[in-house]
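Below: one structure, written as structure tokens.
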């Protein structure tokens, strides 16, 4: 039996990174003996290259399982070594590989997923994320990877976040102010909405709150 990478896709700011980080943390707590390799593109300068990504995965696998193969230095050799490292390691134990933000990798000519195998051993689970449009998304679709689409917030979800976030700081909005937020397409984006609420939380002049809400909701895009 073999497993296939799962792609979590959605608009920028839709919560893909938060979803993967929280899922990884919970999985680690429930199964502390299974190796989790988590790579978040853009977290550091080296994390933004496909070479750095593959090297990181190979290094963590080798550190856990003590493989006989040497980690190569050249990109093509590393890409070829990836399935070999994973295959050998899977005979010693399972693992989870989380690759977040593949659409933001540098070296665009090198990274459109030809280095990512179509199949993995059954005890190796791979979860990736990318934006829901663009060349990386198209490459994932062309290779037939299953996809989990993160949908924009609906009005109920927006209301819940507004209420819970502000109540944690003993603050709340009027019904009219909340309706103004609902009326903006931007508010369906979780990152925009959370950033917006943080600005409202620290805003000090209640009498000018309506003007401030209007200012942020005039944003053309998220």
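In this note's numbering, the protein residues as written are 187 to 408.
No residue lacks a Cβ here, since even glycine has one placed at the ideal position from N, Cα and C.
Nothing here was measured: the structure is a model prediction, and the numbers come from that model.
Residue 156, DSSP secondary structure in three states: Residue 156 lies beyond the stretch modelled for the chain, which goes from 187 to 408, so this question has no answer here.
For residue 206 and residue 260, I'd like the C-alpha separation in whole angstroms. 29 Å
Under three-state DSSP, which class holds residue 221? strand
Would you mind sorting residue 335 into buried or exposed? The rule is 16 or more other CB atoms within 10 Å of its CB. exposed
Measuring only the C-alpha atoms, how far is residue 266 from residue 245? 15 Å
Tell me which same chain residues have a C-beta within less than 8 Å of the C-beta of residue 368, skipping the five on either side of it? 341, 344, 345
Buried or exposed for residue 225, please, with buried defined as at least 16 other CB atoms from any protein chain shown within 10 angstroms of its CB. buried
Ends of the beta strand (DSSP E) at residue 353? Not the beta strand (DSSP E): residue 353 falls in the alpha helix (DSSP H), residues 341 to 353.
Between residue 243 and residue 221, how many whole angstroms is the CB-CB distance? I'm expecting something under 8 Å. No, residue 243 and residue 221 are not in contact; Cβ-Cβ is about 11 Å, not under 8 Å.
For residue 324, the three-state DSSP class (helix, strand or coil): helix
Taking residue 310 as the reference, give the member of 287, 351, 273 with the closest Cα. 273
Could you give the DSSP three-state label for residue 311: helix, strand or coil? strand
Judging by CA-CA distance, which residue of 253, 385, 370 is the nearest neighbour of residue 404? 370
Alpha carbon of residue 276 to alpha carbon of residue 190, nearest angstrom: 15 Å
Do residue 193 and residue 314 have their C-beta atoms closer together than 7 Å? yes
The region 350 to 361 contacting the region 386 to 396, beta-carbon criterion three pairs below 8 Å: yes
Whole angstroms is fine: what's the gap from residue 327's alpha carbon to residue 339's? 24 Å
Residue range of the beta strand (DSSP E) that includes residue 271: No beta strand (DSSP E) contains residue 271, which is instead part of the alpha helix (DSSP H) from 261 to 276.
Determine which residues share a DSSP beta bridge with residue 188 and list them. 307
With a threshold of 6 Å on Cβ separation, who are the neighbours of residue 223 within its own chain once the five nearest residues in sequence on each side are excluded? 243, 246, 283
Which stretch, first to last residue, makes up the beta strand (DSSP E) that contains residue 286? 281 to 286
Out of curiosity, what's the CA-to-CA distance linking residue 255 and residue 237? 18 Å
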